[in-house]
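Have a look at the structure below, then the notes.
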Amino acid sequence: MDEKDCLFCKIVRKEMDSNVVYEDDEVFAFEDINGRAPVHVLVVPRQHVANLEEIGALPDRVTKRLFEVASEIARKLGVLDGGYAVRINNGKDAGQEIFHLHLHVIGGKRLGMP
Ligand code: 5GP
Ligand code: ZN
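Just so we're aligned, residue 48 is where the sequence shown starts under our numbering, counting upward by one.
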């Protein structure tokens, strides 16, 4: 899967609609189309990397920004005090559907594992 065909690359380039929550030059965040909690946002690097095995291709500051943006979104959407989960589904057994690395930011209700 390259950037041309990747769904999340299309969302980042705004060739496909999404409910944008945050964007800067390096990081983009949007509501999950099938939210499973009151807050369910996906945070992605603009640069296409498929999974954690490719994370070395990202500049370190971008990797750090992904997590900072997750926290900023939690604050903005009011789940900082209640708490929230940041989840990466990596590979088949984890149920990864979209092979553009993304953090799920999930909150607003009591969450369990997994
Ligand atoms: P994962 O790959 O981590 O399993 O999850 C991919 C997530 O992307 C799912 O939670 C799914 O609901 C979400 N998703 C799939 N297609 C779209 C889409 O076209 N737009 C948005 N906003 N989310 C999507
Ligand atoms: Zn992509």
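Where a beta carbon is used, it is the ideal one built from N, C-alpha and C, also for glycine.
Keep in mind that this is a model prediction, so the values were computed, not measured.
Between the Cα of residue i and the Cα atoms of the options, which residue gives the shortest distance?
i	options	result
residue 141	99, 108, 111, 112	99
residue 92	122, 146, 113	113
residue 77	83, 68, 85, 84	68
residue 71	119, 156, 97	119
residue 148	154, 115, 136, 156	136
residue 82	160, 153, 157	153
residue 106	94, 57, 116, 115	94
If I follow the unbroken beta strand (DSSP E) through residue i, where does it start and stop?
i	result
residue 76	74 to 78
Could you tell me how far apart the beta carbons of residue i and residue j are, in whole angstroms, since I believe they sit closer than 8 angstroms?
i	j	result
residue 109	residue 74	7 angstroms
Let's see if you can read the secondary structure: which residues bound the alpha helix (DSSP H) around residue i?
i	result
residue 132	Not the alpha helix (DSSP H): residue 132 falls in the beta strand (DSSP E), residues 131 to 134.
Consult DSSP for residue i and reduce its assignment to one of helix, strand or coil.
i	result
residue 125	coil
residue 142	coil
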